[in-house]
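Residue numbers (UniProt numbering), protein chains in the order written: chain A, 1 to 328; chain B, 1 to 328.
Each remark here refers to the structure printed beneath this line.
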DNA sequence: CTTGGTCATCGAAGCGCTTCGACAGAGCTC
DNA sequence: GAGCTCTGTCGAAGCGCTTCGATGACCAAG
């Protein structure tokens, strides 16, 4: 069936038209009579014709492929990345595009390569950091792109991310709604802030904004001992503390232990809410409510924005995805 | 710098040679004098030239891209998939190839599409099942490919997978070496067997082969209650039981609880070894030794085999990766 | 000195597609 | 019924590369 090397000429011959007519039927760029179009489509189906991607890209200067650069090396939470990749591919296919997978370690040179070789039409850059050398390269290359995350200078770029400030607000509200007056946000470790300033601050602002005057924010390292100590100090300094939001993935388990040690019964006389992946919140006992990074939604939004850019439409420079609180 | 649209003609002009000469310098397919080659390479560097992927693919009938079809939808352990993807991209880049990401839900039609459009030269199919419609499509299309996993009829295909029989042996040996006489393998739930018969049996055979006559294999569902019951029955039926291997990811945590309830102190008077991802074995207390699916190695091997096939070299039809036991 | 053989390079053809301009024929208008 | 404008279709050019055959330069052998 779908023979090797069915060309547009074969389709044209079978339908009794010129190759250009086949092209126009397929692209819809000129009006074609319904009868001709039907015959062409029938020939396409009969022969199992698919345009040669290289030829198409050469002639039309559109590859039909977008690149996705993921930080595969370290750091990011693997399942989240996978969800992201999955969402991006699915959405891209809806637009008849394929997705080329790149790793962040190819860096700016990798971007230059794909741009110059015209192997992709555009690019989605995952996990953008505040000072990211790739961003500068992107500007220079003029390759249409969408970033996940916000670099220091986002001027002229299209960025998508979770609305972390809203996430902070949502967590505060969750605790307040449960009658907690004294609450705290247990923040991330220094390492995280170092890489991506901004997003931690935004959580904190959202949290404080929505919480009462007796809310506090405590930074927190993530090794067991430090968490234990931090929680103990926190409880001592605020004896009325009734709820905390944890924005520090690796610390969540330790926090739960520390609270148990202090005699707090989470879910009853004490409330905890997590900002992080589902797995983290599900692994505790009891399971915790959480606000997660909505990887699929981010990916879909990013792809959709990129498609619009490729079509010459405009898109907002900055898009913030509304956080969702999952109760458990 | 890397201007938009630097062509081979630009490079040729700058180096004072014909375009074909540039091509030959770059591909090494004809001998070129060192002086000329140097001049050409200098021009390439100066102009930031990268060949147009589409043009190259059209002229040479080689896209320089391989597809990787992942089961993004469900089932498989996400982190493992991600490691796999990462390993594949890294290895592919070493061979100057890019990787196109596809999802398994495109099915046979997706394979037909990428084959006919010549967008990729070859394909890596992840998580192949015993009866997999994609395998048939693959045969029909004649697209060079490497499968991860073994379908029912692997004749003429190139397959790579973990050597599950060896994994079973390794686990048995671990327990035997620790002086356990009575040991058991706690197997997977029915659902897993239904999809991919074969690999569970192989673990079992390896286990029994290496273990003493008093070893047993117990199948086990993975909900908490069933695990609890299964473990209890197991301990009753074999009072001398001193170690078990668990080949059932979701059950591991429950097994540990059941053992604790029964008064067994794992790591001291009782031994447990896991066949599964690192995360599963690290999440328990104490952490357990485990044999993991070596995703990166599998990916690298698969890509390497595919490259050889694309170069017309031959590769073994079946490759089994040696399992590694990680002590903790 | 011819002849034959390498070696390094060139020019042209062609890969399969899109796109542009051209052009018949149909349907208007006046 | 002459002059329009539209519509639907065709043919040819050209996208940037690889590859094949040809060619000149040079050298060794006869």
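A virtual CB, placed ideally from N, CA and C, is assigned to each residue, including glycine.
All of these numbers come straight from a predicted model, not from anything done at the bench.
Check: Within this structure, are the beta carbons of residue 172 of chain A and residue 188 of chain A separated by less than 9 Å?
Finding: no
Checklist line | residue 103 of chain B - partner residues in DSSP beta bridges | finding: B/70
Item checked: Complete runs of the beta strand (DSSP E) confined to the segment 147-204 of chain A [at least 3 residues] -> 159-162, 183-186
Checklist line | Proximity of residue 79 of chain A and residue 279 of chain A at Cβ, strictly below 9 Å | finding: yes
Check: DSSP state of residue 315 of chain A, grouped into three classes?
Finding: coil
Next item on the list: Measure the Cβ-Cβ separation of residue 293 of chain A and residue 274 of chain A and say whether it is below 9 Å.
Entry: no
Check: Is the Cβ-Cβ distance between residue 170 of chain A and residue 323 of chain A less than 9 Å?
Finding: yes
Margin query: Just to confirm, is the Cβ distance from residue 17 of chain B to residue 49 of chain B under 9 Å?
Written below: no
Next item on the list: For residue 119 of chain B, return the contacting residues in chain A, with the cut-off set at a CB-CB distance below 7 Å.
Entry: 53, 98
Item checked: Burial state of residue 90 of chain B (16 or more Cβ within 10 Å) -> buried
Notebook entry, point to check: Per DSSP, residue 320 of chain B forms a beta bridge with which residues?
Noted result: B/161
Notebook entry, point to check: Any beta-carbon of chain A closer than 9 Å to the one on residue 107 of chain B?
Noted result: no
Check: residue 222 of chain A: which of A/102, A/258, A/265 sits nearest, CA to CA?
Finding: A/258
Item checked: Any 3 or more C-beta pairs closer than 8 Å across the segment 100-114 of chain B and the segment 34-50 of chain B -> no
Next item on the list: Within the same chain, show all residues whose beta-carbon is closer than 7 Å to that of residue 182 of chain A, passing over the 5 residues directly before and after it, in chain order.
Entry: 214, 238, 240, 241, 242
Check: Nearest chain B C-beta to residue 36 of chain A closer than 9 Å, yes or no?
Finding: no
Checklist line | Cα-Cα separation between residue 231 of chain A and residue 261 of chain A, rounded to whole angstroms | finding: 10 Å
Checklist line | Of the listed residues B/303, B/320, B/319, B/325, nearest to residue 97 of chain B (C-alpha basis) | finding: B/303
Notebook entry, point to check: Which partner residues of residue 271 of chain B appear in the DSSP bridge assignment?
Noted result: B/243
Next item on the list: Consider the Cβ of residue 1 of chain B: report whether some Cβ of chain A lies at a distance smaller than 9 Å.
Entry: Because the pLDDT at residue 1 of chain B is just 39, under 50, the model does not fix this residue reliably, and the value given afterwards should be weighed accordingly. So yes, residue 1 of chain B belongs to the interface.
Check: For a contact meaning CB atoms closer than 9 Å, what does residue 6 of chain B contact in chain A?
Finding: 116
Next item on the list: Establish whether the CB of residue 139 of chain A and some CB of chain B are separated by less than 9 Å.
Entry: no
Note to self: In this structure, how does DSSP classify residue 64 of chain A when only helix, strand and coil are distinguished?
What the structure shows: coil
Margin query: Which residues of the segment 300-318 of chain A have a Cβ closer than 9 Å to any Cβ of chain B? Give them in chain order.
Written below: none
Notebook entry, point to check: For residue 149 of chain A and chain B, any beta-carbon pair shorter than 9 Å?
Noted result: no
Notebook entry, point to check: Just how far apart, CA to CA, sit residue 164 of chain A and residue 202 of chain A?
Noted result: 6 Å
Next item on the list: Starting from the beta carbon of residue 86 of chain A, find every residue of chain B whose beta carbon is closer than 7 Å, and list them in chain order.
Entry: 72, 103
Notebook entry, point to check: Taking just the CA atoms, how far does residue 210 of chain B sit from residue 216 of chain B?
Noted result: 12 Å
Checklist line | Supposed contact pair residue 63 of chain B and residue 121 of chain B - C-beta distance, whole angstroms, cut 8 Å | finding: 5 Å
Margin query: Here's a check: name, in chain order, each residue in its chain whose Cβ is nearer than 8 Å to the Cβ of residue 69 of chain A, leaving out the five neighbours to either side.
Written below: 102, 103, 104, 106, 110, 111, 123, 124, 125, 126, 134
Check: Exposed or buried, what is residue 264 of chain B when buried is set at 16 or more other beta-carbons lying within 10 Å of its beta-carbon?
Finding: buried
Notebook entry, point to check: For residue 226 of chain A, which residues from the same chain have a beta carbon less than 8 Å from its beta carbon, with the 5 sequence-adjacent residues on both sides left out?
Noted result: 220
Check: Using a beta-carbon distance below 9 Å, is residue 23 of chain B in contact with chain A?
Finding: no
Next item on the list: Spell out whether any CB of chain A is found under 9 Å from the CB atom of residue 346 of chain B.
Entry: Because chain B spans 1 through 328 in this model, residue 346 of chain B falls outside it and cannot be assessed.
Note to self: Does residue 325 of chain A come out as helix, strand or coil in the three-state DSSP assignment?
What the structure shows: strand
Next item on the list: Over the uninterrupted alpha helix (DSSP H) stretch that includes residue 234 of chain A, give me the two end residues.
Entry: 224-237
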